[in-house]
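Just so it is clear: in the sequence shown, position 86 is 107 by the working numbering, and no numbers are missing.
A quick write-up on the structure given underneath.
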Amino acid sequence: MKLNGQHILLRALEPSDIDVLYNWENNTETWKISNTQTPFSQFVLEEYIISAHQDIYSAKQLRLMIDLLPNPSSNEEGNRAIGCIDLFDFDANHQRAGVGILIAENGDRRHGYASEALKILIEYCFTSLNLHQLYCNITVDNEPSVLLFQQHGFQVAGIKRQWIREGAKFKDELFLQKMR
């Protein structure tokens, strides 16, 4: 099974991804969606990349880089990493996993790349990993992400009231699921 689409390709982490991961993981703008509270050191990220080769059945997670393929009509020479898509809390016994997506730069958002990546990942999970369900957690005010997952067949299965603290306030979080 190829993990590529018309505009993007999903690929394994490489040691050369350290600088881009360091910038993405330490961007405080995305901390609220990733539940990050402290910066990551370059050493920690290097160790993460080194262990990323572990089988999903033992690591219980998988991060794939989202690479934008070069436009044939441009002079671009190679792929460009624009984000990542994660499987987390992988549970082979219950055949489920959580999904998270990041398109890092505003200029790369709203071009359909996250949608294409999610479509490829869903097929991979349901055919290659034999999962029964995928799920995600999205705050109610993140309408673009809610819409993205709903367009791919995820349904709101519940709401966690005042689940995420942002500053002095709490936000509700939606729990969405997609069954095979």
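Ideal Cβ placement from N, Cα and C applies to all residues, glycine included.
Bear in mind the structure is a predicted one, so any value in this text is a computation, not a measurement.
Practice problem: With a threshold of 8 Å, establish whether the CB of R84 neighbours any heavy atom of the ligand PLP. | Solution: What this structure holds is no ligand at all, so the ligand PLP is not there to describe.
Self-check item: Cβ-Cβ separation, I122 to I106 (assumed contact under 8 Å), whole Å
Solution: Walking along the sequence shown from the start, residue 106 turns up at place 85. Walking along the sequence shown from the start, residue 122 turns up at place 101. Contact holds; Cβ gap of about 5 Å.
Exercise. Give me the Cα-Cα distance between A189 and I39, rounded to the nearest whole angstrom.
Key: Here residue 189 refers to the residue found at position 168 of the sequence shown. Here residue 39 refers to the residue found at position 18 of the sequence shown. Rounded to the nearest angstrom, the two C-alpha atoms are 34 Å apart.
Self-check item: Residue range of the alpha helix (DSSP H) that includes N44
Solution: One-based indexing of the sequence shown puts residue 44 at position 23. Start and end: 39-46.
Quiz item: Alpha carbon to alpha carbon, how far is G26 from R186?
Solution: The count along the sequence shown starts at 1 and reaches residue 26 at position 5. The count along the sequence shown starts at 1 and reaches residue 186 at position 165. Whole-angstrom Cα-Cα distance: 36 Å.
Quiz prompt | Under 9 Å between C-beta atoms of R32 and L24 | solution = On the sequence shown, residue 32 is found 11 positions in, with the first residue counted as 1. On the sequence shown, residue 24 is found 3 positions in, with the first residue counted as 1. For R32 and L24, yes; Cβs fall inside 9 Å.
Practice problem: Please classify L152: is it buried, with 16 or more other beta-carbons within 10 angstroms of its beta-carbon, or exposed? | Solution: The count along the sequence shown starts at 1 and reaches residue 152 at position 131. Counting Cβ neighbours within 10 Å, L152 comes out buried, since at least 16 surround it.
Quiz item: Between M200 and the rest of its own chain, which residues show a CB-CB distance below 6 Å, the 5 nearest in sequence each way excluded?
Solution: Residue 200 sits at position 179 when you count from the first residue of the sequence shown. If we look at M200 and ignore the five residues flanking it on each side, its Cβ neighbours are Q154.
Self-check item: Sequence-distant residues of the same chain with beta carbon closer than 8 Å to S2, five excluded per side
Solution: For the chain, the structure presents residues 22 to 201; residue 2 sits outside this window and is missing.
Quiz item: Considering only the beta carbon of each residue, do L195 and N158 sit closer than 9 Å?
Solution: Position 174 of the sequence shown, counted from the first residue, corresponds to residue 195. Position 137 of the sequence shown, counted from the first residue, corresponds to residue 158. Yes, the Cβ-Cβ distance between L195 and N158 is below 9 Å.
Practice problem: Pull up the DSSP beta-bridge partners for D107, would you. | Solution: Indexing the sequence shown from 1 puts residue 107 at position 86. BP columns for D107 point to R84, G121.
Quiz item: With 16 other CB atoms within 10 Å as the buried threshold, where does F170 fall?
Solution: In the sequence shown, residue 170 corresponds to position 149, counting from 1. Buried, because 16 or more other Cβ atoms sit within 10 Å of the Cβ of F170.
Practice problem: Tell me whether the beta-carbon of G99 lies closer than 9 Å to the beta-carbon of A125. | Solution: Position 78 of the sequence shown, counted from the first residue, corresponds to residue 99. Position 104 of the sequence shown, counted from the first residue, corresponds to residue 125. Not in contact: G99 and A125 (Cβ atoms no closer than 9 Å).
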